[in-house]
Amino acid sequence: MNSCISRIVRCLPVAVSLLCVGQLEAAEKIKALIVDGQNNHQVWPKSTVMMKQYLEETGQYEVIVERVRFLWNSGREKEWLPRAGARRGEEKNDPIADPDFSPDFSKYAVVVSNFGWNAAGWPESTRKNFEKYMADGGALVVVHAANNSWPEWPEFNKMIGLGGWGNRSDKDGPYVYINDKGEVVRDPQPGPCGKHGPQNEFVVTIRDEEHPITKGLPDFWMHSKDECYSHLRGPADNLTVLATACDTPELQKVGRHEPILMVIQYGKGRVFHTTLGHDTDAFEGVGFIETFLRGTEWAATGKVTRPIPKNFPTAEKPLAQKFEYKEKSQPAK
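Numbered according to this note's numbering, the sequence shown spans residues 94 to 426.
Set out below in C-alpha cells:
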C-alpha cells in the first residue's frame, strides 16, 4: 500500500506538468475571427470552411465564424453553411443589413473578411468599433472580393489600401501597379475601378523578397486557376506590394503588373490583402493556401514561423491540394 502511494506521489509532478503544458498550449493559440454572410462569389459558404480548417490544421489557431443574420448568394454551397459553426441565417434575394451584427473584435488577434461585392453595410457602431480595434493594433486579412465591399466607408478603404468595383473611381485614389522597371506607379487618371480577364492559371512574381510573408518563396510561381484582379484603386497609404501578376497578355505587353499580395499599416494595426480566391480551384491552390496562412500569421503576430512547404508550386506548374472536410462537432449558435 505504501509503495503504491509512493508511486502515485512520484507521478504527480509529471501529471501536473503535462496538464500545465496542455493548458499553456491552449492558452497560446491565436484567436481568429472569420466574418461572412454576403458575397457575390457563390463559393463563400465553402471557402469560409476551407479557410477555417486551413488555419485550425496548423495547430496555431482557435477560429470562430460570425455571420450576419441575412444571407445572400449562399444557395450553390448551402450544404456548407452549418459546417462553419456560425449561427443559422436567413437567405434573401438581395443583401440586407443586419442591425444586430456586432462582433466583439477585441477578443481576436486577427479578423478575416469573406464578405464581397454589394455586401450590406455594418451598423455604424460596429464600424466604429472595428476602426478602433484596427487603430489600436488589431489585424485584418482581406480575401479576394472582400476588397469590393463598402466603397462608401472611408476608413475601410484606408485599411485595404486598394479596392475594386462598387463605383469606386479616381475620387477614391489612384490606380496602383508595378511597371516593367519594377517601379510602383500611382496613376490618378479617371477611369473605372476593378477588372479581370477569364479565369486562368498565371505566374506570380514576388516583389518584396525580405518581407516575412514572402521571404523564402520562389521569385516566380504558377498559381492555380483563378481571377487576376486589375485596375484596383484606393488611398494606398502605407501600402507595400509583396507580389504581382498580369491579368491579360495585353496588359503584360504594356508592362502593367497588378498587386495581388499586399500589406498595409493602419494606425497600429496590420492588414494582409490577397486578391486571390475566386472559387474552389483557387482556394485549393497550394500557393493560395500557403500565402494565406503566412499572411494571417504575420497580420496577427508580426512574424511568420511557417517553413516553406516542399510541394510549393514552381514557375512552370501550379499545385493544388484537394480539400477534404474534417468533421468537427460544433453546434450552431
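Beta carbons are placed, not taken as given, at the ideal position from N, Cα and C, and that holds for glycine.
By the Cβ criterion, the region 270–290 is not in contact with the region 302–310, since fewer than three pairs of Cβ atoms, one from each stretch, lie closer than 8 Å.
R387 sits buried, since 16 or more C-beta atoms from the chains shown fall within 10 Å of its C-beta.
A straight line joining the alpha-carbon of M355 with that of K288 spans about 18 Å. The shortest CA-to-CA distance from F405 to any of W314, R399, G395, L332 is the one to W314. Less than 8 Å divides the Cβ of I123 from the Cβ of A202.
With contacts defined by Cβ atoms closer than 8 Å, V158 and K145 form a contacting pair. Just measuring C-alpha positions, the residue of Q131, H350, V364 sitting nearest A238 is Q131. When the five nearest sequence neighbours on each side are left out, the beta carbons in the same chain lying within less than 6 Å of the beta carbon of L310 are those of I299, in order along the chain. When DSSP reads this structure, T373 sits in no beta bridge, so it has no partner. When secondary structure is reduced to three states using DSSP, D263 falls in the helix class.
Note on A392: 16 or more other CB atoms within 10 angstroms of its CB, so buried under the neighbour-count rule. Sequence-distant Cβ neighbours of N260 in its own chain, meaning closer than 7 Å and more than five residues away, are P244. Leaving aside the five residues that flank W210 on each side, the residues in its chain whose CB is nearer than 6 Å to its CB run, in chain order, N133, A238, N241, W258. By the neighbour-count criterion, in which a residue is buried when 16 or more other Cβ atoms sit within 10 angstroms of its Cβ, I127 is buried. The C-beta distance from C339 to R326 rounds to 18 Å, too long to meet the 8 Å contact threshold. Under DSSP, S167 takes part in no beta bridge, so it has no partner. Per DSSP, the unbroken alpha helix (DSSP H) holding F381 starts and ends at 379–394. Bounds of the beta strand (DSSP E) holding Y359 are 351–359. In this structure, DSSP gives Y147 a helical state, which the three-state scheme calls helix. Using a Cβ distance threshold of 8 Å, V269 and L255 count as a contacting pair. For E294, same chain residues with a beta-carbon under 7 Å away, outside a window of 5 residues either side, are M315, H316, S317, K318, P411 in chain order. Per the DSSP secondary-structure output, R279 pairs in a beta bridge with V269. For S199, there is no enclosing alpha helix (DSSP H), as DSSP marks it with neither H nor E.
The C-beta distance from I357 to M252 rounds to 7 Å, short enough to fall under 8 Å. Given a length threshold of 4 residues, each whole run of the alpha helix (DSSP H) inside the region 225–257 is given here in chain order: 247–253. Classified as buried, T389 has 16 or more neighbouring CB atoms from the shown chains inside 10 Å of its CB.
Three or more beta-carbon pairs separated by less than 8 Å link the region 211–219 to the region 181–192, which places the two stretches in contact.
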